[in-house]
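Undergrad: I have a structure here, written as structure tokens, and I will follow up with some questions on it.
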Amino acid sequence: MSNPPEAAADSSPGDTGVDAVVDADAALNAVENQLSLLWRRGRSISNQLSREVHPDVEPAAYGLLTVIRKQGPIRLTDLASSIGVGKPSVSRQIAFLEGLGLVSKEADPLDGRAQAIRLTPEGEERMHQVQDARREVFRKRLAQWPAQDLQALATYMAKLNATYERDGFPRDEHA
1 MSNPPEAAAD SSPGDTGVDA VVDADAALNA VENQLSLLWR RGRSISNQLS
51 REVHPDVEPA AYGLLTVIRK QGPIRLTDLA SSIGVGKPSV SRQIAFLEGL
101 GLVSKEADPL DGRAQAIRLT PEGEERMHQV QDARREVFRK RLAQWPAQDL
151 QALATYMAKL NATYERDGFP RDEHA
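Following UniProt numbering, the numbering of the sequence shown begins with 1 at its first residue and continues without gaps.
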């Protein structure tokens, strides 16, 4: 059973025992609600951004382009692992993106049998334009936040993301 959000306001910070459990439950519910809202909005924004890259690009493919842009040439297995999706799904998306001229495959210099995927100059230019515009909107939205609040948010988000590594999600070295 979940507690109403008001439950957190009814107790003092020094509470222990049952009140502390209620506070923790209320706080977790608040975090869950806020994260759900953020994820829904993020999906909506990804949908918009993917269409700005190319009218036929789906949000999932936009996510792949983002990883490829950030990490540089990447093997298909590493790309699939980095987003937690199966290799066949990623392979289909990459073939589609290759058909649009946004990515290309080349022999992996470390293993000639494998292929590395990279953005084409066209893909790089489109992603550059879209991501620069996205960053500018983000900066405008957070412009009024004090730097210490932004740093605290980044710290807490990194801490949250690190908890998922215990579940087998890869550590994002490029974050």
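Just so you know, even glycine gets a beta-carbon here, dropped at the ideal spot from N, CA and C.
1. Report yes if the C-beta distance between Val137 and Arg118 is below 9 Å; otherwise report no.
2. How far does the beta strand (DSSP E) with Gln115 in it reach, from first residue to last?
3. Restricting to runs no shorter than 4 residues, where is the alpha helix (DSSP H) found entirely within the UniProt domain "HTH marR-type" (28-162)?
4. Is Leu110 near Ile94, with beta carbons less than 9 Å apart?
5. What number of angstroms, rounded off, separates the C-alpha of Leu49 from the C-alpha of Ala107?
6. According to DSSP, simplified to helix, strand and coil, what is Asp167?
7. Closest by CA to Lys105, which one among Gly99, Gln115, Phe96 and Leu97?
8. Skipping 5 residues on each side, what residues in its chain have a beta carbon closer than 7 Å to that of Glu52?
9. Whose C-beta lies closer than 8 Å to the C-beta of Ser66 among residues of the same chain, with five residues either side of it excluded?
10. Could you give the C-beta distance for Glu122 and Gly101, rounded to a whole number, given that I count them as a contact under 8 Å?
TA: Well, looking at it:
1. no
2. Asp111 to Leu119
3. 59-71, 76-83, 87-99 and 121-142
4. no
5. 30 Å
6. Note: Asp167 maps to coil in three-state DSSP.
7. Gln115
8. Val130
9. Checking the sequence, you will find Thr at residue 66 rather than Ser. Excluding sequence neighbours, Thr66 sits near Met127 and Gln131.
10. 5 Å
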